[in-house]
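Protein chains in written order, with this note's numbering: chain D, 26 to 383; chain P, 35 to 178. Note that beta-carbon positions come from the ideal geometry of N, C-alpha and C, so glycine has one too. In this text the structure is predicted, and so the values were computed from the model without any measurement. Shown next, in structure tokens, is the structure this report addresses.
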Amino acid sequence: MSPQATELTHAVPKFLRRSKGKARGPRKEASAGRDTPLGVNRGAVVRSRRRPFRERWLAWRQHHSQSAADSLSKVLQQPLASGMTWVVLGIALALPTSLAIALNNLQELSGRFDDPARISLFLEDQVTLEVATELAQELRFVSEVASVELVDRDQALIEFRAGSGLGDLIDSLPKNPLPHLLVVTPKSDTPELVERLRKRLDEYPLVDQLVVDAQWLERFQAMMELGRQVVLLLTAVLLAAVILVLGNTISLTIENRRQEIIIVKLVGGSDAFVRRPLLYTGLWYGLGGGVVAALLVLLATQALHAPVAKLASAYASDFIIRGLGLFDSLQLVLTGASMGLLGAWLATARHIKNIEPV
Amino acid sequence: MFQNHKLLMDRSVFDNVALPLQIAGYKDRDIIRRVGAALDKVGLLERERALPMSLSGGEQQRVGIARAVVGRPLILLADEPTGNLDPELSAEIMQLFVDFNRVGVTVLIASHDLALISQLRHRTLTLRDGRLVSAGNGINPRSA
């Protein structure tokens, strides 16, 4: 054994005790370094003994907040580049969001078409107005029925004549070809109830023909469903684009900081330690993108608000366009943030392992 | 300790020296104290807010030394620590190593500056083509 080796047992650098001012520490602290053998890290710096859990936990949190602040200031230091990234992400997030809003508004609008499922009862030809009125009255007491409207055949003919422009043809007919019509509105729209009511009404002897007026609504709903699928698909594609854009941005950042990463690894920084500020960078980009997206959607709905209200009033409707609420906007921002984190994670997982000091 | 200082150029001297402690998970208070002590030892306490870019080569090397000793190592490996310094600075740096050694740190210096090394009057291991040819102090490398 060399003389140096024997000295190792009390190897406490005295300069730490001798130094002046704020550098002076309690003696206890200075002697803490004697206990365990050391792992020697590559080349130069000796890795310190493992700190107590509580201390490491505090340091971990400290490093998190520091990484967050550092990466934010780095992002803000390049306003143009960061702004571009935010806008790109914002547009990619705003597009599917706006489509979803459009669909929701259409859905809302379709809900305003009242009595969506109506059953039209065309009565037998010989039924008189009195009998039809009686039947209408009777049907109002059926449990599944919400309301019954009687359309008088003569009244209907006058309207048809005015509306169709087939006046001459109608005049040439020997008698009114239209039957009396009862329009029955069910209490609810559920297919089972409508079907039950249909069967029940079909049994009335005076009913010649029975038509359920729900087909157009079914078609509309099918189209809405298709629209929803398209939006879903588009959302998936654009979210993938967001992740890739961010992954690429973070990859470039990693390449720019290659030297820094090597140094941090040289003095013993783990992959997680290196990754942390980069993940925060991704988070900030994603968060900014989410905010831009929320603003874009807000602007778009604000811009459309007046024209839509005008159109609605032309149709004597008080329909107004509904944009994103506060909660939905927050969700959008959070989506952006998580996409940012995910993109950064993918980029760091790929690159950081490969950057090793030689 | 590295021949080409390997400092983070966009962080202050203090941050550079604090890095190993941050990685090891030290408390803020301890970090401030220890970094102060290490910088004091290498004579750079007043420059702790400076960026490495504004320091001379010798000062940068001393920042590297401070970073190497801030974790209170038992062994300090120095790879060509005086590689691109003038003789006066080199002697200063070597004196630092001697000081560390005096307080119990084992210092292993790799250098080709034989004149400088011989001044230190410490054990010298000689390598040629990666093989140990002399272990100093008259000890045969094969039996050591």
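field: Contact under 7 Å by Cβ, Val132/P with Arg101/P
entry: Taking 7 Å as the Cβ cut-off, Val132/P and Arg101/P do not qualify as a contacting pair.
Residue(s) in a DSSP beta bridge with Gln234/D: Paired residue(s): Phe147/D.
- request: Answer with yes or no whether the minimum CB distance from Ala84/D to chain P is below 7 Å.
  value: It does; some Cβ of chain P falls within 7 Å.
message: Distance check for Ser354/D and Tyr310/D, CA to CA, integer angstroms please.
response: Their backbone Cα atoms lie some 17 Å apart in a straight line.
Ser90/D, buried or exposed, once every other Cβ within 10 Å from all chains shown has been counted against 16: Exposed.
query: Of all the CB atoms in chain P, is at least one closer than 7 Å to the CB of Arg6/D?
result: Because chain D is modelled from 26 through 383, residue 6/D falls outside the range shown and cannot be assessed.
query: Are Pro267/D and Met364/D touching if we call contact CB-CB under 7 Å?
result: Strictly speaking, residue 267/D in this sequence is Val, with Pro absent from that position. It is a contact, given that the beta carbons lie within the stated cut-off.
- prompt: Does Pro54/P have its Cβ less than 7 Å from a Cβ in chain D?
  reply: At a cut-off of 7 Å, the C-beta of Pro54/P has a neighbouring C-beta in chain D.
- prompt: From the DSSP output, which residues share a beta bridge with Thr160/P?
  reply: Paired residue(s): Ser168/P.
Contact set between His88/D and chain P, taken where Cβ atoms lie within less than 8 Å: For His88/D, the chain P residues whose C-beta falls within less than 8 Å of its own C-beta are Gln56, listed in chain order.
message: Excluding the 5 residues flanking Leu114/D on each side, which residues of the same chain have their C-beta closer than 6 Å to its C-beta?
response: Counting only residues of its own chain and dropping the five nearest sequence neighbours on each side, Leu114/D has a CB closer than 6 Å to the CB of Val267, Gly314.
task: May I have the straight-line CA-CA distance separating Ala297/D from Ser168/P, to the nearest angstrom?
output: Those two C-alpha atoms are separated by around 42 Å.
task: Answer yes or no: do Phe48/P and Glu93/P have a C-beta to C-beta separation smaller than 7 Å?
output: Contact flag unset, no.
Ala369/D and Leu324/D closer than 7 Å at C-beta: Between Ala369/D and Leu324/D, the gap from beta carbon to beta carbon reaches 7 Å or more.
- prompt: Residues in the segment 284 to 296 of chain D with C-beta within 9 Å of chain P's C-beta atoms, listed in sequence order?
  reply: Residues passing the 9 Å Cβ filter: Gln284, Glu285, Ile287, Ile288, Val289, Leu291, Val292, Gly293, Gly294, Ser295.
message: Below 7 Å on C-beta distance, what does Leu42/P contact in chain D?
response: In chain order: Glu285, Ile288.
message: For the beta strand (DSSP E) containing Ser172/D, name the first residue and the last one.
response: Residues 170 to 176.
- prompt: When you compare only the Cα positions, how much space is there between Val316/D and Leu357/D?
  reply: Take the alpha-carbon of Val316/D and the one of Leu357/D: they are about 8 Å apart.
task: Indicate, with yes or no, if the ligand FAD has a heavy atom lying under 6 Å from the CB of Thr122/D.
output: This structure does not include the ligand FAD; it has no bound ligands of any sort.
query: If you draw a straight line from the C-alpha of Arg45/P to the C-alpha of Lys335/D, how long is it?
result: The straight-line gap from Cα to Cα measures roughly 59 Å.
query: Based on Cα-Cα distance, which residue from Ser88/P, Ser124/P, Ala72/P, Gly59/P lies nearest to Leu42/P?
result: With distances taken between Cα atoms, Leu42/P lies closest to Ser88/P.
message: Could you check whether the Cβ of Gly164/P sits closer than 7 Å to any Cβ belonging to chain D?
response: Judged by the 7 Å Cβ criterion, Gly164/P is not in contact with chain D.
- prompt: Grouping DSSP H, G and I as helix and E and B as strand, with all else coil, what is Leu73/P?
  reply: If DSSP states are grouped into helix, strand and coil, Leu73/P belongs with the helices.
- request: Please name the residue or residues paired with Pro211/D in a DSSP beta bridge.
  value: Paired residues: Val170/D.
query: chain D partners of Asp120/P, CB-CB under 8 Å?
result: Residues of chain D with a Cβ closer than 8 Å to the Cβ of Asp120/P do not exist, since the nearest Cβ in that chain sits about 23 Å away.
query: If we count the other Cβ atoms within 10 Å of its Cβ and call it buried at 16 or more, is His146/P buried or exposed?
result: Here His146/P is exposed, its C-beta having fewer than 16 other C-beta atoms within 10 Å.
field: Under the three-state DSSP convention, the category Leu277/D falls into
entry: Of the three classes helix, strand and coil, the one that applies to Leu277/D here is helix, per DSSP.
task: Look at the Cβ atom of Ala161/D, then the Cβ atom of Leu191/D, and state whether they are nearer than 7 Å.
output: Leu191/D is positioned such that its CB atom lies no closer than 7 Å to that of Ala161/D.
task: Consult DSSP for Ile14/P and reduce its assignment to one of helix, strand or coil.
output: No answer is possible for residue 14/P: the residues shown for chain P start at 35 and end at 178.
task: Give me whichever residues DSSP pairs with Ala119/D in a beta bridge.
output: Partner(s): none; Ala119/D has no beta bridge.
message: Is it buried or exposed, Phe134/P, if we count other Cβ atoms within 10 angstroms and call 16 or more buried?
response: Buried, because 16 or more other Cβ atoms sit within 10 Å of the Cβ of Phe134/P.
query: In the structure shown, what three-state DSSP assignment does Thr153/D receive?
result: The answer is coil: DSSP assigns Thr153/D none of H, G, I, E or B.
message: Considering only their Cβ atoms, is the gap separating Ile99/P from Val76/P smaller than 7 Å?
response: Yes.
query: Is Gly117/P close to chain D, meaning its C-beta is less than 7 Å from at least one C-beta of that chain?
result: By this cut-off, Gly117/P is not an interface position.
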